[in-house]
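Visitor: The structure that follows is given in the form of structure tokens.
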Amino acid sequence: MGILDAFGSLASALLAGFVMLAFAVLSLFVTVFVVDAAASIAGLNPEDGFVVLGATILAGTAILAGGVGFAQPENDL
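Start counting the sequence shown at -12; every next residue gets the next number (the working numbering).
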């Protein structure tokens, strides 16, 4: 039964990775829209590359900040 548990863990890790990647791409698209809308409200007209760069920095830091707490081991008291 140990080998079935290993394949189950592998399958769940791969599925979780794909879901997290999909949410990262979705959050980037939403952030691009928000940055573009905020620039329009402010009366700015930045080039598309700068909008994508700003959205990528914001989305990337949000993803990293959300995952930092999972990197520390649990304390079994």
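Even glycine gets a Cβ: it sits at the ideal position worked out from N, Cα and C.
1. Exposed or buried, residue 22, counting other C-beta atoms within 10 Å across all chains shown (16 or more means buried)?
2. Residue 31 lies in the alpha helix (DSSP H); which residues open and close that run?
3. Could you tell me the alpha carbon to alpha carbon distance between residue 52 and residue 2, rounded to whole angstroms?
4. Short check: CB of residue 43 to CB of residue 15, under 8 Å?
Guide: Reading off the structure:
1. buried
2. Taken as a continuous stretch (DSSP letters only), residue 31 belongs to no alpha helix (DSSP H), as it is neither H nor E.
3. 22 Å
4. yes
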